[in-house]
Amino acid sequence: VVSLFSLIVLALSANWISVTTTKLHLYYNYAALGVATSVLTFTLPVMLIIDLLRRGAFTSMILVELCWLGFLWVMWLATGALAADNLGGFVDGCSSSFFANWWNTGCSETQAITAFSFLNWIALTGYLALLLTMSILAANRGGPVWMTSVKEANFAPVNVNMSGAMGTPEHKGQLGTPMQQPSLQSYPPQQPGYSSPA
């Protein structure tokens, strides 16, 4: 999903740069940042392919993946925020009859760049939070997670003592002396010094 949204942001940003350099002889920073962030995000499928083809590659380690995804997370947040900030420069929204059609199209493209940048940021936030949480929990249980790939990592508990768990009685020490239980025929139980009513 992130790669698909990156392709969309790349196409929209590159088109807007092309239009503005032709018409205005300049380009907007958010469009250039959108191109750069999209190109950097295309390393994610490459990392997946390397992980499939080669076992133990450093790009497949969870620690490297978390660092790289964290960097991309910041880049997508910056791209979305910068594009959203520049939306204020489009007076009267994206359907102004005062401006040329290419300007209104650029406004719509900027809205799309903003939306897809934030969608990528949200997707990376979810995956980063999940991977980091699972890795920390597995590391606390004694699993060597940080230097393994996601597909090889064992996120299940490693050193778990199941004694005392449900269905497994745990007895510590010796059992006490058995107590005599009252018989059902003599209810209520007789106490010394009292007699039962006749």
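Heads up: the sequence shown runs through residues 1 to 198, numbered per the UniProt record's numbering.
Note that CB positions come from ideal geometry on N, CA and C, so glycine has one too.
Since D51 and S135 should fall inside the 8 Å C-beta cutoff, what is the C-beta to C-beta distance between them, to a whole number of angstroms?
The C-beta distance from D51 to S135 rounds to 16 Å, too long to meet the 8 Å contact threshold.
Contact check, T37 vs T105, beta carbons under 8 Å
For T37 and T105, no; Cβs fall outside 8 Å.
Pick from S60, F71, A57, G89: whose alpha carbon is nearest that of Y30?
Of the candidates S60, F71, A57, G89, G89 places its Cα closest to the Cα of Y30.
Between V91, L48, A123, which lies nearest to F5 when the distance is taken from Cα to Cα?
Taking only the C-alpha atoms, the option nearest F5 is A123.
Rounded to a whole number of angstroms, what is the C-alpha to C-alpha distance between S96 and W103?
Between the alpha carbons of S96 and W103 lies a distance of about 9 Å.
Could you tell me the boundaries of the alpha helix (DSSP H) in which P115 lies?
For the sequence presented, residue 115 should be read as Ala rather than Pro. 101-140 is the extent of the alpha helix (DSSP H) around A115.
Taking 8 Å as the cut-off, decide whether the C-beta atoms of L77 and W16 are in contact.
For L77 and W16, no; Cβs fall outside 8 Å.
Along the alpha helix (DSSP H) that carries T22, what are the first and last residues, could you check?
2-23 is the extent of the alpha helix (DSSP H) around T22.
Could you compute how far the alpha carbon of L48 sits from the alpha carbon of S3?
Spanning the two alpha carbons is a distance of roughly 12 Å.
Same chain, Cβ closer than 7 Å to L82, neighbours up to 5 away in sequence not counted:
Around L82: N29, Y30, L33.
Measure the C-alpha to C-alpha separation of G70 and L10 and round it to an integer number of angstroms.
When rounded, the separation of the alpha-carbon atoms in G70 and L10 is 20 Å.
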